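S.K.: Per the working numbering, the sequence shown starts with residue 1, numbered consecutively.
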Amino acid sequence: MSSLTKLTKLVIVLSFAAGCSTFSDLSRLGGNLGGEDQNYAAGSSLSGQLSGNDRDALADAFVVAMDEGFTQKWRGRRVGGTIEPGAYAISNLLAHPASLIDAVRADLDLSHKMETDLGLYVLTRNSNVRTGPGSENKIAEVLPSGTGVTVVGRVINKPWMLVSVNDSVRGYVFQDLLIKAPGTELELAGGPQRRPFLCRRFSQELVTMRDKEEWQGAACHDGAGWRLAPSEPQLVDDEELAGF
Numbered sequence: 001m002s003s004l005t006k007l008t009k010l011v012i013v014l015s016f017a018a019g020c021s022t023f024s025d026l027s028r029l030g031g032n033l034g035g036e037d038q039n040y041a042a043g044s045s046l047s048g049q050l051s052g053n054d055r056d057a058l059a060d061a062f063v064v065a066m067d068e069g070f071t072q073k074w075r076g077r078r079v080g081g082t083i084e085p086g087a088y089a090i091s092n093l094l095a096h097p098a099s100l101i102d103a104v105r106a107d108l109d110l111s112h113k114m115e116t117d118l119g120l121y122v123l124t125r126n127s128n129v130r131t132g133p134g135s136e137n138k139i140a141e142v143l144p145s146g147t148g149v150t151v152v153g154r155v156i157n158k159p160w161m162l163v164s165v166n167d168s169v170r171g172y173v174f175q176d177l178l179i180k181a182p183g184t185e186l187e188l189a190g191g192p193q194r195r196p197f198l199c200r201r202f203s204q205e206l207v208t209m210r211d212k213e214e215w216q217g218a219a220c221h222d223g224a225g226w227r228l229a230p231s232e233p234q235l236v237d238d239e240e241l242a243g244f
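1) So for L228, helix, strand or coil by DSSP?
2) Are the CB atoms of P85 and F202 within a distance shorter than 7 Å?
3) Got a sec? Which residues, its chain only, sit under 8 Å from L33 by beta carbon, not counting five neighbours each side?
4) Assign G132 to one of three DSSP states: helix, strand, or coil.
5) Of all the options D211, E141, F62, S164, which has the alpha carbon lying nearest to the alpha carbon of G217?
6) Let me check understanding here. Comparing Cα to Cα, which of L206, T184, R200, E213 lies closest to A229?
7) Pull up the distance between the alpha-carbon of V169 and that of G69, whole angstroms please.
8) Let me make sure I understand the geometry here. Which of S45, W74, W160 has the alpha-carbon closest to that of N53?
9) Kindly indicate which residue of S111, V64, W215 has the alpha-carbon position closest to the one of F197.
10) In chain order, what residues of the same chain lie with their CB nearer than 7 Å to the CB of P144, ignoring the 5 residues before and after it?
11) Check A59 in the structure and name its three-state DSSP category.
12) Which runs of the alpha helix (DSSP H) at least 4 residues long sit entirely within the stretch 142 to 204? Give them in chain order.
13) Report the rounded CA-to-CA distance for S45 versus V152, giving the unit in angstroms.
14) Per DSSP, what kind of secondary structure is Q216 in: helix, strand or coil?
15) Taking the continuous beta strand (DSSP E) assigned at G119, which residues delimit it?
16) Applying the 10 Å Cβ sphere with the 16-neighbour rule, what's the burial state of W65?
17) Within the same chain, show all residues whose beta-carbon is closer than 6 Å to that of T82, passing over the 5 residues directly before and after it, in chain order.
18) For Q38, does the three-state DSSP call read helix, strand or coil?
19) Can you check which of these residues, T208, K158, G148, is closest to S135 by C-alpha distance?
20) May I ask you to list the residues that DSSP assigns as paired with S91?
21) Quick check on this structure: which residue in D167, V79, L94 has the alpha carbon closest to the alpha carbon of E232?
22) Buried or exposed for M114, going by 16 or more other Cβ atoms inside 10 Å?
23) Should T71 go down as buried or exposed, given a rule of 16 or more other Cβ atoms within 10 Å for buried?
24) Have a look at R55 and A89 and give me their C-alpha separation to the nearest angstrom.
25) Rounded to whole angstroms, what's the CA-CA distance from W160 to G148? Just pull it up for me.
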């Protein structure tokens, strides 16, 4: 075991627009995650300068940007800005539910609860990667035999695994096509059961009469709307914790 002085500590900050809460599972949030209930400028220090009209104008543009993938400019009564949508990601599958895994596509079926944190596997033959957990779903790509994958989710009551390659989720593979990676056969694996959320990263700019600010964030969709994602946990080393 390494020296205690070399241990890193996980600083977990879950900051939501409506306040600060801690959740072991993002599935518990419930409610409508998007639309008029959201202040999509919550990640900015200028957020308090937005009027209700400004927030409404931002919300309309934000939803279009997230849904359609095009940069949106907006103007309210006192404030304007730009939303630039970024890459897709998936939340609620890693040890900390706020952590995001990059995703190569947005059309994955994420409506199923999954067992998480299954570890490293290898494909035993050329394998179809599908958009959902079933042979009726579209083939997104074919991965060659011998490809190493990380199983980020195993669908409950279905023989399908959600896999990532090089830290990016690719889709579902039939579980009989996978074996544990050599050297990991005896490792304990399997985390809590959760339902994943589709997320999308973004960058925003706010412009007021006197100030301008840019920042980055992510929003996740629960099937009802987009909600700003909680902050991802950050690893802080001992020197930083000590104030050096």
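For each residue, glycine too, the CB sits at the ideal point set by N, CA and C. A quick note: this is a predicted structure, and the numbers were derived from the prediction, not measured.
M.R.: For this structure:
1) If DSSP states are grouped into helix, strand and coil, L228 belongs with the strands.
2) Yes, they are a contact pair.
3) Caution applies to L33, whose pLDDT of 43 falls short of 50 and renders its modelled position unreliable; the value that the coordinates give is listed next. The residues are C220, H221, D222, A224, G225, W226, R227.
4) Coil.
5) Distance from the Cα of G217 is smallest, within the candidate group D211, E141, F62, S164, for F62.
6) The shortest Cα separation from A229 among L206, T184, R200, E213 belongs to R200.
7) For V169 and G69, the distance between alpha carbons rounds to 19 Å.
8) Closest by alpha carbon: W74.
9) Selection S111, V64, W215 evaluated against F197 yields S111 as nearest (Cα-Cα).
10) These residues qualify, in order along the chain: N126.
11) Reduced to three states, the DSSP call for A59 is helix.
12) As far as the stretch 142 to 204 is concerned, it has no whole alpha helix (DSSP H) run of at least 4 residues.
13) Between S45 and V152, the alpha-carbon positions lie close to 35 Å from each other.
14) Reduced to three states, the DSSP call for Q216 is strand.
15) Looking at the DSSP string, the run of the beta strand (DSSP E) that includes G119 is 114 to 123.
16) The sequence given here has Ala at residue 65, not Trp. Looking at its Cβ environment, which holds 16 or more other Cβ atoms inside 10 Å, A65 is buried.
17) So the qualifying residues of the chain are K73, E205.
18) Coil, per DSSP.
19) For S135, the closest alpha carbon among the candidates T208, K158, G148 is that of K158.
20) For S91, the pairing in a beta bridge is given by DSSP as L100, F197.
21) Among D167, V79, L94, the Cα nearest to that of E232 is on L94.
22) With 16 or more Cβ atoms within 10 Å of its Cβ, M114 is classed as buried.
23) T71 counts as exposed, since fewer than 16 other C-beta atoms from the protein chains shown sit within 10 angstroms of its C-beta.
24) Near 25 Å, if we compare the C-alpha coordinates of A89 and R55.
25) CA-to-CA, the gap between W160 and G148 works out to about 16 Å.
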